Amino acid sequence: MPRTCSLLGAPIQTGASQPGCLMGPAALRTAGLEPILSELDWQVSDLGDLSIPALSPRGHHNAAIHNLAETIAWIEVLEAAAFDAAKAHDLPIFMGGDHSMSAGTVAGMARYAQGQGRPLFVLWLDAHPDLHSLETTTSGNLHGTPVNYFTGQPGNDAYPPLAAAVPTQNICMMGIRSVDRAEHKLISEQGIEVHDMRAIDETGVLAPLKTFLEKVRAANGLLHVSFDVDFLEPGIAPAVGTTVPGGATFREAHLIMETLGDSGLVRSLDLVELNPFLDERGRTAKLLCDLTASLFGRRVLDRMTRSF
1117 MPRTCSLLGA
1127 PIQTGASQPG
1137 CLMGPAALRT
1147 AGLEPILSEL
1157 DWQVSDLGDL
1167 SIPALSPRGH
1177 HNAAIHNLAE
1187 TIAWIEVLEA
1197 AAFDAAKAHD
1207 LPIFMGGDHS
1217 MSAGTVAGMA
1227 RYAQGQGRPL
1237 FVLWLDAHPD
1247 LHSLETTTSG
1257 NLHGTPVNYF
1267 TGQPGNDAYP
1277 PLAAAVPTQN
1287 ICMMGIRSVD
1297 RAEHKLISEQ
1307 GIEVHDMRAI
1317 DETGVLAPLK
1327 TFLEKVRAAN
1337 GLLHVSFDVD
1347 FLEPGIAPAV
1357 GTTVPGGATF
1367 REAHLIMETL
1377 GDSGLVRSLD
1387 LVELNPFLDE
1397 RGRTAKLLCD
1407 LTASLFGRRV
1417 LDRMTRSF
């Protein structure tokens, strides 16, 4: 039987500081994500894009916060959609949209994993740990809050109640290179596994990734991968509003995705923060499609030489 995957768009940009992420799902479709995965013998179902209704503003005592009502609505819609997609398909792909969407997708996958009697693990590929609560964010950009929320930390009472939280010991962050003081404090207190770019420079990506995958396998866990465009070096992936120099290289990123594919452990995938308005002739969208193909089974020897 062919393996099944689904594409589900979340055109959300209310959590980010720059507009444009709502075009991310369309850019990935235009770059050919569905036919690329079909060529790798996956049965692909495009479920279209989710939406939320127009909402009245919702206040919070942290005056920096904006678009709270929209973020809450997106979390609710995405949590239910991720849960349903996990039941119906072997590997759903959630196409964003800014990273606040992971508050919903990971929460839905955690509820699904709980129903299967298995733990959910999260590989967070990002320049930022996104560990702010609604209480600690100073920018008010809610794409900086999803990990704090889905791990069940205090300070997120305005967000929807979690059916299942992801334990902080089940998270591995790679590529981190921009951390605020409140986030650093939580990382230290919780002992969250973080491999920043200095650590990756010293050890490479493969050793820490394999150690984490062994942990997932030993626990009979399900693995959710959340891939933010700013995980990558901006020179190869300019289409993101939160660029931080010194990101993962082309080969490091492909090695991570190929290793994840080899493991057979990945159960769901976020592709987030793609802002086509900031791209150069679609190069970032095409790169994301190529990286996704590596996770789904494409290898170096399968790559065609391109003529320019």
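In terms of this note's numbering, the sequence shown opens at residue 1117 and continues consecutively.
All residues carry an ideal CB built from backbone N, CA and C; glycine is no exception.
What you are looking at is a predicted structure, and each value in this text was computed from that prediction instead of being measured.
| Check | Outcome |
| --- | --- |
| What residue range does the beta strand (DSSP E) around GLU1368 cover? | Note, GLU1368: premise wrong, no beta strand (DSSP E); alpha helix (DSSP H) at 1366-1379. |
| If we count the other Cβ atoms within 10 Å of its Cβ and call it buried at 16 or more, is HIS1177 buried or exposed? | exposed |
| Rounded to a whole number of angstroms, what is the C-alpha to C-alpha distance between ALA1274 and PRO1361? | 34 Å |
| Looking at the strands, I want to know which residues DSSP matches up with GLN1159. | THR1120 |
| GLU1251 lies in the alpha helix (DSSP H); which residues open and close that run? | GLU1251 -> no alpha helix (DSSP H), and no H or E assigned at all. |
| Sorted by chain position, which residues of the same chain lie with C-beta nearer than 8 Å to CYS1405's C-beta, five sequence neighbours on each side aside? | LEU1144, ALA1147, GLY1148, LEU1149, ILE1152 |
| Would you call PRO1135 buried or exposed, if buried means 16 or more other Cβ atoms sit within 10 Å of its Cβ? | exposed |
| Kindly give me the distance between the Cβ atoms of ASP1395 and ALA1355, rounded to whole angstroms, as I take these residues to be in contact under 8 Å. | 4 Å |
| PRO1141: which of VAL1388, ALA1223, SER1410, LEU1407 sits nearest, CA to CA? | VAL1388 |
| Quick check: the region 1188-1195 against the region 1242-1256, are there 3 or more CB pairs under 8 Å? | no |
| Exposed or buried, GLU1318, counting other C-beta atoms within 10 Å across all chains shown (16 or more means buried)? | exposed |
| Taking the alpha-carbon positions, what's the SER1304 to LEU1236 distance? | 22 Å |
| Is it buried or exposed for GLU1330, if we count other Cβ within 10 angstroms and need 16 for buried? | exposed |
| Could you give the distance in angstroms between the alpha-carbon of LEU1403 and the alpha-carbon of ASN1264? | 29 Å |
| Answer with buried or exposed for GLN1232, where buried requires no fewer than 16 other C-beta atoms within 10 angstroms of its C-beta. | exposed |
| With DSSP collapsed to three states, give me the class of ARG1383. | strand |
| Pull up the distance between the alpha-carbon of HIS1340 and that of THR1252, whole angstroms please. | 26 Å |
| If you run the structure through DSSP and keep just helix, strand and coil, what is SER1410? | helix |
| Report back the beta-carbon spacing between ASP1344 and THR1359 to the nearest angstrom; my notes put them in contact at under 8 Å. | Not quite, the Cβ-Cβ distance comes to about 11 Å (not below 8 Å), so this is no contact. |
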